[in-house]
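Protein chains in written order, with the working numbering: chain A, 422 to 821; chain B, 422 to 821.
Structure follows, in structure tokens:
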């Protein structure tokens, strides 16, 4: 069904805004109320009664999504059709520039003994500073393999990203990380003929890294995981006929937006900065993706009160966004991150859509419990775009 | 989408319990309340408020499922992908041992005249005792056909099961029952080359049965229907990574459980016996399927009060089950069997899931009407397993 927007797209001058409060959905704390139910949110409560609400299933019932699938869904793509490799996601997360000829791998610095046996898969979680020193050495000493440019980028602690440029072929290659110690790293094996080049480069890279690091004390080898290229995804322009832009503060979400062809503009560091960016670029786009990160961060920290605080902060700023008079806007999350779980969860996410033709919505506020009764019902995240486009007059009638 | 549990399965030590009150869903009687709403169920009502409820669509909206599809759904398999032949279902129902080389057919004793024309498709619904006498004769006189062992098993009245052993090929063969009288039985015709052997055996069997029974007064021929082998289904171990066991009192449900690779243990004759079995085998499995039959039986009988009674009997025993401290349990039905309809129906079925991370559930009790408002919403039965596995910590996050 998510094919529909493709064949029905219709031009209009309308403006649409998707606001993701990352990890918005929560679970009841001791007093029986979730983060969103605890937060004082007069503006979202007013909009919930005036417009429409429901619940969004990010990917599938009972399935906990990562950030990649969670966002692809609300962007209007079935996340199960576009798996995103871990190498790509890690690269996007640390702001590595990737294009469709870039191969990425999420790597670990590790320790091997004199027989090549893994003794620590994470090299004792070396400090990030040590990681940066080693990556600098690797970048100086290994600049190309089999005539392809290669690059190393530091992540946190033992993690780094390995990049191969200018690969026209595929990257279907297994991890060299055996996920265990006291055995040797695996050899990279191509899963099809068109991945032979990448497998060859990965195996050479592993040897070269071992040579360069052989006298290092804290990490002397590397394991490769999630070797991958960008998934092949239609842009939002192609799929929905809209000019889209990402306003976010964290590289990961800018990277995910690039996957679907969004433009990226500077979102600054705070929600206020992001609203400034929204105002500044209002005339240039049809669809604005506005990402609020800290709801998820505090959820992951298990900090119920601070997650409540971010929700309240956003709600207080909402009138500034309303003043821009978007024809349609949606407020939801890419998944739930209940503070009591300290992690992403499988629960559906509250959803609010303001559009010009709302049904009467028999709810009292914007919350997990009230959204259950909302006029939109419980829908899959991938269908949110349909409602946004419909409200924005950007979908033709299907059939005569 | 139901592919998810396959690729996300994760090991855990948790225990899960699926309780099927067969045919649980009902319809209002004269006073406007269903069987479940009439029953006094303090324990399920308490659990409904404390944990999560919703409605389960067994197969598809408006579709009335048989026992086979109804159970495959709650076991986590899309029933439309695994059609179960009537021969197989009948064989499972009378406890015939079948494996993946067994061909089964559900047969009718019938009457034909001297020209081979059918005069009664059910031989006047001969008594079961007569059926057993005839089946004994057939087993004595027809032991193999084309070098394959064949067997006959009595069912109720005119019904029996015909079994062919050791068939490696397929069984795509039409019914010989023309579903009408005053015409000849149909010839069995194979629908593809790999079913030629079975078609040949069926045609010979029909002739042999006719010869053996030619002087019998009450039934002198047989019609073959639902010629089938076991569907090829992944086991629950393969699909979800769990050790599963069936605790049931009726052969049909043990047979259906075998289809998905469950172990079968002795469930005794009563719900109390089944609880004993649950306690006895608690340590040996991850997933327990607990089947209560009589809700359906009394529904089929049109006995509203007795169906209410079974629900109350189960509810009173529920604390014994709760005392086992399953990490996750679900209570639902495989379909509705409203007493006023005296048959399976297409209505969704109340669903209750106890798991460690419940949303607040704004309901007053466990009933058709209240479950409509439940925090789980209305979902397909095949997704119940996702929620059970998620609550049991047995599903990895999808994507990073």
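A virtual CB, placed ideally from N, CA and C, is assigned to each residue, including glycine.
- request: Step through the CB atoms of chain A and report whether any lies within less than 9 Å of the CB of residue 469(B).
  value: Start at 1 with the first residue of the second chain, and residue 469(B) comes out as number 48. For residue 469(B), the answer is no, since every Cβ of chain A falls outside 9 Å of its Cβ.
query: Do residue 794(B) and residue 456(B) have their CB atoms nearer than 9 Å?
result: One-based indexing of the second chain puts residue 794(B) at position 373. One-based indexing of the second chain puts residue 456(B) at position 35. Against a cut-off of 9 Å, the Cβ pair of residue 456(B) and residue 794(B) comes out as no contact.
query: Per DSSP, residue 570(A) forms a beta bridge with which residues?
result: The sequence position of residue 570(A) within the first chain is 149, counting from 1. According to DSSP, residue 570(A) bridges with 565(A).
message: Please list the terminal residues of the continuous alpha helix (DSSP H) segment that includes residue 426(A).
response: Taking the first chain and counting its residues from 1, one reaches residue 426(A) at position 5. First-last of the alpha helix (DSSP H) with residue 426(A): 425-429.
- prompt: Nearest CA to the CA of residue 599(B): which residue from 538(B), 518(B) and 545(B)?
  reply: Residue numbering aside, residue 599(B) sits at position 178 when the second chain is read from its first letter. Ranking 538(B), 518(B) and 545(B) by Cα distance to residue 599(B) puts 538(B) first.
field: Any chain B beta carbon closer than 9 Å to residue 678(A)
entry: Position 257 of the first chain, counting from 1, holds the residue named residue 678(A). Output row for residue 678(A): interface = no.
query: Measuring CB to CB, does residue 709(B) end up less than 9 Å from residue 668(B)?
result: Position 288 of the second chain, counting from 1, holds the residue named residue 709(B). Position 247 of the second chain, counting from 1, holds the residue named residue 668(B). Their beta carbons are under 9 Å apart, which means residue 709(B) touches residue 668(B) by this criterion.
message: Would residue 527(B) and residue 542(B) be called neighbours here (beta carbons separated by less than 9 Å)?
response: Here residue 527(B) refers to the residue found at position 106 of the second chain. Here residue 542(B) refers to the residue found at position 121 of the second chain. Not a contact, by the Cβ cut-off of 9 Å.
query: In the stretch 798-816 of chain B, which residues sit with their C-beta less than 9 Å from some C-beta in chain A, listed in chain order?
result: Shown in chain order are the members of the stretch 798-816 of chain B whose Cβ falls below 9 Å from a Cβ of chain A: 798, 799, 800, 801, 804, 805, 806, 807, 808, 809, 810, 811, 812 and 816.
- prompt: In terms of residues, what are the limits of the alpha helix (DSSP H) holding residue 735(A)?
  reply: For the purposes of this step, residue 735(A) is taken as residue 314 along the first chain, with counting starting at 1. Per DSSP, residue 735(A) belongs to the alpha helix (DSSP H) from 725-743.
query: Taking Cβ-Cβ distances shorter than 9 Å, what residues in chain B pair up with residue 507(A)?
result: The residue labelled residue 507(A) in the question sits at position 86 within the first chain. In chain order: 820 and 821.
- prompt: Using 9 Å as the limit for Cβ to Cβ distance, is residue 454(A) near chain B?
  reply: For the purposes of this step, residue 454(A) is identified with residue 33 of the first chain, where counting begins at 1. So yes, residue 454(A) belongs to the interface.
field: Three or more C-beta pairs below 8 Å linking the stretch 624-641 of chain A and the stretch 543-554 of chain A
entry: Output reads yes: the stretch 543-554 of chain A touches the stretch 624-641 of chain A.
query: Among the residues of its own chain, which have a CB less than 7 Å from the CB of residue 449(B), if the five just before and after it don't count?
result: Within the second chain, residue 449(B) is the residue found at index 28, counting from 1. The answer, listed in chain order, is 455.
- prompt: Where do the ends of the beta strand (DSSP E) carrying residue 711(A) lie?
  reply: Along the first chain, one-based indexing puts residue 711(A) at 290. That run of the beta strand (DSSP E) goes 708-713.
query: Contact check, residue 503(A) vs residue 648(A) under 8 Å by CB: the rounded distance?
result: For the purposes of this step, residue 503(A) is taken as the residue at position 82 of the first chain. For the purposes of this step, residue 648(A) is taken as the residue at position 227 of the first chain. No, residue 503(A) and residue 648(A) are not in contact; Cβ-Cβ is about 17 Å, not under 8 Å.
Identity of the residue in 437(B), 591(B), 633(B) and 614(B) nearest residue 774(B) by Cα: Residue numbering aside, residue 774(B) sits at position 353 when the second chain is read from its first letter. Taking only the C-alpha atoms, the option nearest residue 774(B) is 437(B).
query: Using a Cβ cut-off of 9 Å, which residues of the stretch 787-798 of chain B contact any Cβ in chain A, in chain order?
result: For the stretch 787-798 of chain B, the residues whose beta carbon sits under 9 Å from a beta carbon of chain A are, in order, 794, 795, 796, 797 and 798.
task: Answer with buried or exposed for residue 516(A), where buried requires no fewer than 16 other C-beta atoms within 10 angstroms of its C-beta.
output: Residue mapping note: residue 516(A) aligns to position 95 of the first chain, counting from 1. Exposed: under 16 other Cβ atoms inside 10 Å.
task: Could you pull out every residue in the same chain whose Cβ sits closer than 6 Å to the Cβ of residue 825(B), ignoring the five residues on either side in sequence?
output: Only positions 422 to 821 of chain B appear in the structure, and residue 825(B) is not among them; the question remains open.
message: I believe residue 510(B) touches residue 497(B) by the beta-carbon criterion, under 8 Å. Please report the beta-carbon distance rounded to the nearest angstrom.
response: The sequence position of residue 510(B) within the second chain is 89, counting from 1. The sequence position of residue 497(B) within the second chain is 76, counting from 1. Wrong, their Cβ atoms sit about 19 Å apart, outside the cutoff.
For residue 527(A), the three-state DSSP class (helix, strand or coil): Taking the first chain and counting its residues from 1, the one referred to as residue 527(A) is at position 106. Three-state DSSP puts residue 527(A) in a strand.
query: Going by beta carbon distance, what residues of the same chain come within less than 8 Å of residue 566(B), once the five residues before and after it are set aside?
result: Position 145 of the second chain, counted from the start, is the residue given in the question as residue 566(B). Answer for residue 566(B): 585, 622, 625, 626 and 629, listed in chain order.
- request: Could you name the residues of the stretch 478-499 of chain B whose beta carbon sits closer than 9 Å to any beta carbon of chain A, in the order they occur along the chain?
  value: From the stretch 478-499 of chain B, no residue has a Cβ closer than 9 Å to chain A.
task: Examine chain A for any beta-carbon lying closer than 9 Å to the beta-carbon of residue 719(B), and answer yes or no.
output: Start at 1 with the first residue of the second chain, and residue 719(B) comes out as number 298. Residue 719(B) does not count as touching chain A.
field: 9 Å Cβ cutoff, residue 708(B) in contact with chain A
entry: For the purposes of this step, residue 708(B) is taken as the residue at position 287 of the second chain. For residue 708(B), the closest Cβ of chain A is not nearer than 9 Å.
message: Quick check on residue 467(B): does DSSP put it in helix, strand or coil?
response: Residue 467(B) sits at position 46 when you count from the first residue of the second chain. Helix, per DSSP.
- prompt: Over what stretch of residues does the alpha helix (DSSP H) that includes residue 511(A) continue unbroken?
  reply: To locate residue 511(A), count along the first chain from 1; it is residue 90. Counting along the chain, the alpha helix (DSSP H) containing residue 511(A) begins and ends at 507-514.
query: Contact between the stretch 765-774 of chain A and the stretch 441-448 of chain A: three or more CB pairs below 8 Å?
result: Contact between the stretch 765-774 of chain A and the stretch 441-448 of chain A is present: three or more C-beta pairs spanning the two stretches fall below 8 Å.
field: Strand pairing of residue 536(B), partner residues [DSSP]
entry: In the second chain, residue 536(B) corresponds to position 115, counting from 1. Per DSSP, residue 536(B) has no beta bridge partner at all.
query: With respect to the beta strand (DSSP E) encompassing residue 751(B), which residues constitute its N-terminal and C-terminal limits?
result: Within the second chain, numbered from 1, the residue matching residue 751(B) stands at position 330. Here the beta strand (DSSP E) through residue 751(B) covers 749-753.
- prompt: Hey, out of 432(B), 743(B), 592(B) and 731(B), whose CA is closest to residue 717(B)'s CA?
  reply: Here the question's residue 717(B) lines up with position 296 in the second chain. Closest option to residue 717(B), Cα to Cα, is 731(B).
query: Tell me, which residues are paired with residue 775(A) by DSSP?
result: Here residue 775(A) refers to the residue found at position 354 of the first chain. Per DSSP, the beta-bridge partners of residue 775(A) are 750(A).
query: To the nearest whole angstrom, what separates the beta carbons of residue 476(B) and residue 772(B), a pair I think is in contact under 8 Å?
result: Taking the first residue of the second chain as position 1, residue 476(B) is located at position 55. Taking the first residue of the second chain as position 1, residue 772(B) is located at position 351. Indeed they touch by this definition, with Cβ atoms about 6 Å apart.
- prompt: Going by C-alpha distance, which of 530(B), 705(B) and 701(B) is nearest residue 635(B)?
  reply: Along the second chain, one-based indexing puts residue 635(B) at 214. Closest by C-alpha distance to residue 635(B), out of 530(B), 705(B) and 701(B), is 530(B).
- request: Would you verify that the beta carbon of residue 779(B) is, or is not, closer than 9 Å to some beta carbon of chain A?
  value: Residue mapping note: residue 779(B) aligns to position 358 of the second chain, counting from 1. Cβ-Cβ to chain A under 9 Å: yes for residue 779(B).
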